[in-house]
Amino acid sequence: MQVFNTPSKIILTCNKRLSSYLREEVEALGFDIKREFQTGLELEGSVNDCIPLNINLRCVSQVLYSLGSFKAADPKELYDHLVTIEWEKLIDFAGYFSVTSNVNNEHILTPLYANVKVKDAIVDRIKQVKGIRPNSGPDLNKAVIHLYWQDDNAEIFIDTSGETLAKHSYRKIPGKAPMLEALAASTIMATGWDKKSPFINPMCGSGTLAIEAALLATDKPPGFFRMNYAFMHILGYDEQVFFNERRILKDKAIKQIDFKIVATDISDDAVDIARKNAKTAGVDHLIDFAVCDFAETEVPETPGVVFFNPEYGERLGVHFKLEATYKRIGDFMKQQCKGYKGYIFTGNPDLAKKIGLKAARKIEFYNGKLDCRLLEYELYDGSKREPKPEE
């Protein structure tokens, strides 16, 4: 089973409402997209093709390589098919693997039972051929096999990623209510920011938005911060392919920028956490951090993007206090960010009404299961309307 060089279906998964931004990234890498759906994309390629996908993509969650689809009405049929696969050519008999699944079958009350059937088939097959069985468990840091099973349609994948790619590995201290890195990158992409003009992030929290902006501006993808992927634990892996891809990343990365990325927060602890996360990401020297009320954030004269991700009133804060905060955010953008494009990411439409500005666009996202909007505001320098001629 020469999966590293044999083309097959590749499924890229992502959180809901991120697939269009994932498409943009995948096309930039030169891959043809066969299908786009709500939570991902379908491509074709080998496991070696999965390597640049794993290390370059910011908006993706998992990169799955298909070993084939088949009919399975019940757990017995599932096992009977899976035990015929040459697992001994994929998983080291002295190694370790784990199983994940997405299952909707009338015979399965819990996905854990489906996972056990997959594990049993793999272990039994390898033990039959090699006389010894590999270890298995829940950890996703070695080989990972994924089952997709809907009704009687089943498909088995190598999960080439393992631990989710939606976390970008630099955020060692998350802070309170952090935005997932893949979501942060997607929202910045949604603004159309040119990566050459100022990016201002008041109320920065743990710094995720400012850090993702710096990484986008310097063309440093998440692969800079991670040295273990599930594809490394599949038999036939050639580490030279991985290191060649990493060399490409390093060669194209930009060292310095000639514009400001500003991150401020009223909390000393938040700014300290943000600095540490930025240092881990290698971009602390590119971000101007400051402890201050958001309204005191220094805004460069050259127009760019100002981006707020305030509390929503769901888990943090008190709703009536946040009404005043949202109004102040609107005042700050009107008065101090003229010529900029303003963005507010929120999951609370009632609070959004307190901003006092009319949104030019409302871009749909989810933050976890919470329905959110990225609100765009054109912050004109002066009035948008032409003055009426005097009579």
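The sequence shown begins at 11 in my numbering and counts up by one. Just so it is clear, CB atoms sit at the ideal spot from N, CA and C, and this is done for glycine as well.
Consult DSSP for ALA82 and reduce its assignment to one of helix, strand or coil.
The answer is coil: DSSP assigns ALA82 none of H, G, I, E or B.
According to DSSP, simplified to helix, strand and coil, what is ILE267?
ILE267: coil per DSSP, three-state reduction.
Between ARG33 and ARG45, what straight-line distance do the alpha-carbon atoms span, to the nearest angstrom?
The alpha-carbon atoms of ARG33 and ARG45 are separated by roughly 10 Å.
Grab the span of the alpha helix (DSSP H) containing ALA280 for me, first residue to last.
278-290 is the span of the alpha helix (DSSP H), which, as asked, contains ALA280.
Within the chosen definition, does the region 211-219 reach the region 79-91 through at least 3 CB pairs nearer than 8 Å?
Not touching, per the Cβ criterion.
What are the start and end residues of the alpha helix (DSSP H) that includes ILE61?
57-66 is the span of the alpha helix (DSSP H), which, as asked, contains ILE61.
I'd like to confirm the pairing. Which residues does DSSP put opposite LEU51 in its beta bridges?
DSSP lists LEU22, GLU46 as the bridge partner or partners of LEU51.
Determine the DSSP secondary structure at LEU326, reduced to helix, strand or coil.
Unreliable positioning characterises LEU326 in this predicted model, as indicated by a pLDDT of 47, which lies under 50. The coordinate reading is nonetheless provided below. Coil.
Residue range of the unbroken beta strand (DSSP E) whose run includes ASN377
The continuous beta strand (DSSP E) containing ASN377 extends over residues 371-377.
Is it buried or exposed, LYS230, if we count other Cβ atoms within 10 angstroms and call 16 or more buried?
Sixteen is the threshold: when 16 or more other Cβ atoms of the shown chains lie within 10 Å of the Cβ of LYS230, as they do, the residue is buried.
Would ILE136 pass as a contact of PHE167 if the rule is Cβ separation under 7 Å?
The Cβ-Cβ distance between ILE136 and PHE167 does not fall below 7 Å.
Pick out whichever of LYS286, ALA280, VAL293 has its Cα sitting closest to the Cα of GLN266.
The shortest C-alpha separation from GLN266 is found at VAL293.
Can you grab the Cα-Cα spacing for the pair ASP84 / ASN115, in whole Å?
Rounded to whole angstroms, ASP84 to ASN115 spans 8 Å at the Cα level.
Near ALA288, what residues of its chain come up, given a Cβ to Cβ distance below 6 Å and the 5 sequence neighbours on each side ignored?
For ALA288, where only same-chain residues beyond five positions count, the Cβ hits under 6 Å are GLY217, ILE221, ASP294, ILE297.
Using a Cβ-Cβ cutoff of less than 7 Å, which residues in the same chain neighbour GLU388 once the five nearest sequence positions on both sides are dropped?
Close CB contacts of GLU388 within its chain, under the 7 Å cut and outside five residues either way in sequence, are with LYS351, ALA370 (chain order).
Does the Cβ of VAL272 have 16 or more other Cβ atoms within 10 Å, making it buried, or fewer, making it exposed?
For VAL272, the number of other beta carbons within 10 angstroms of its own is at least 16, and it is reported as buried.
Grab the span of the alpha helix (DSSP H) containing TYR31 for me, first residue to last.
Unbroken alpha helix (DSSP H) run through TYR31: 29-38.
Does the contact criterion of 3 or more C-beta pairs under 8 Å hold for the region 24-41 versus the region 62-74?
They touch, by the three-pair rule.
Tell me, which residues are paired with ILE155 by DSSP?
Beta-bridge partners assigned by DSSP to ILE155: VAL109, ILE168.
Report the option in PRO121, ARG257, TYR106, TRP203 whose CA atom is closest to the CA atom of ILE61.
Nearest option by C-alpha distance: ARG257.
Flag this pair as touching only if the region 88-101 and the region 179-195 have three or more C-beta atom pairs under 8 Å; answer yes or no.
The answer is no - the region 179-195 does not touch the region 88-101, with fewer than three Cβ pairs under 8 Å.
So, at 7 Å on beta carbons, what are the nonlocal neighbours of THR174 in its own chain, with the 5 sequence-adjacent residues on each side left out?
Counting only residues of its own chain and dropping the five nearest sequence neighbours on each side, THR174 has a CB closer than 7 Å to the CB of SER71, GLN72.
Contact set for GLY349: own chain, Cβ-Cβ below 7 Å, skip 5 residues either direction:
Closer than 7 Å at Cβ, skipping near neighbours: PRO313, LEU389, ASP391.
Proximity below 7 Å, CB of GLY323 to CB of ASN358
In this structure, GLY323 places its C-beta atom within 7 Å of the C-beta atom of ASN358.
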